[in-house]
Every structure is written in structure tokens, then in C-alpha cells.
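Residue numbers (the working numbering): 1 to 227.
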């Protein structure tokens, strides 16, 4: 091609104009294809957790993991290993795979790490992977009008569980996160609260707790037993 004064780039443009796909495939390097995407995980702290991203299409591929927008230190291999994993590792992760000429990103994967509160590791031994286990229970509260209400419920399971908070038997608007917050409480916020945790394999409910508004005392226990 050099004798005819034609560069590879010019030849590619000429073949693109002719829509000569077979010849283009011979000249163009194979594209990077991610064949194993990282999966979201919901786990208890203290365990070993692994996020995986594998790609093909080029003999020399480089990997870089990111947590939100920041590079993960030493996160330059197909497997991102947390040993042990901690609550501070919670977040959204993505992997960039690049060659000398191109790059692709994996899909985002959420890592949700739950601290065990009043639950022993032994109670989780033998628990089916898709079984939801509530590891953080909400606590009853006695508040004054104008105070902030913060209720937390944490669970582990596979797939990653979803949350729905209830008050007096009714689902709460904006109550679909682990932490339910009301920045300014009034008397209408008094009642019995609990959280339903679910995925497409299982569902569990937290214990029921009481939120009292005003000067009344709060009963920190509930007569009913919940799984």
C-alpha cells in the first residue's frame, strides 16, 4: 500500500464507503467484549467478597475498577476482592476494560454490606443463598414534635433485597430504602412501624416498633413475634 501512497486509514475509509464488511473485519482489530459482568451483592461484614469482570477481544487487556467516580486502589485485575469486606466498602462499582486503542465499561454493580447487630455468624451458617436475613432491626423511639425520625433496617440476600416501610399497616411514600427518615415529625407520625424486605425469591419482615410523639413513654418491646 505504501508504493501506491495509500495508508491503512484511507483504505478503511474507502472500504467503509463501499460497505465491504468482510474486508473491514480483516483490517479492524477485534472489539472488546465483556463476557462476565459484575453482579450486585448484599453481604454481611467480615466475609470475603469478590466482584468479577472478564473480557475478550484483544490479547492485552487492562482492567481498572471504580467506586462511584474514583479509582479503586490496586483494583487493576478482573477480580476485585474484599477480604474482609466492611460497611465502608458499600457503594456502586464499575470496571473499565481497555486495550491500546479502545475501552469499554461494565455495568454498575451495587455492593451492600450489612453489620451484624445482635446476630451471630453461626446463625447464618447453612442459610440458603437466596434466603433473606434481617441483620439490622429498627428501634422504638420517643420523640418530640419537630424532632427528626430515623429508622434503619438492614438485610442480606441474593438477589439484593428491596425495602418497603409501613406505618400502622400502610406502605409509606418514599419508604423504599434501608433508612427511613422524617426531618420534622408531627403527631401524625406516631404509630407502629416495620419494614418488609423482599426479592423475587423470598420476603421477610422486621420486628414491629413504636414511635411516640410528645411526652409519652415508649414501650421498647412488642408483644408480637416476627421473623
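For glycine and all other residues, C-beta sits at the position ideal for the given N, C-alpha and C.
Collapsed DSSP secondary structure at residue i in the structure displayed
| i | result |
| --- | --- |
| residue 210 | strand |
| residue 87 | helix |
| residue 205 | strand |
| residue 189 | helix |
| residue 154 | strand |
| residue 61 | coil |
| residue 148 | coil |
| residue 178 | coil |
| residue 71 | strand |
Environment of residue i [buried if 16+ CB atoms lie within 10 Å]
| i | result |
| --- | --- |
| residue 74 | exposed |
| residue 38 | buried |
| residue 166 | buried |
| residue 112 | buried |
| residue 31 | exposed |
| residue 154 | buried |
| residue 169 | exposed |
| residue 175 | buried |
| residue 42 | buried |
Within 8 Å, strictly: CB atoms of residue i and residue j
| i | j | result |
| --- | --- | --- |
| residue 44 | residue 160 | no |
| residue 54 | residue 72 | no |
| residue 137 | residue 206 | yes |
| residue 94 | residue 106 | yes |
| residue 80 | residue 61 | no |
Residues that DSSP places opposite residue i in a beta bridge
| i | result |
| --- | --- |
| residue 135 | The partner list for residue 135 (beta bridge, DSSP) is empty, contrary to what the question assumes. |
| residue 82 | 49 |
| residue 171 | 166 |
| residue 141 | 211 |
Residue of the options minimising C-alpha distance to residue i
| i | options | result |
| --- | --- | --- |
| residue 110 | 40, 187, 153, 197 | 40 |
| residue 197 | 162, 209, 172 | 162 |
The ligand HEM heavy atom lying under 7 Å from the CB of residue i
| i | result |
| --- | --- |
| residue 197 | In terms of ligand content, the structure shown is empty, and the ligand HEM therefore cannot be addressed. |
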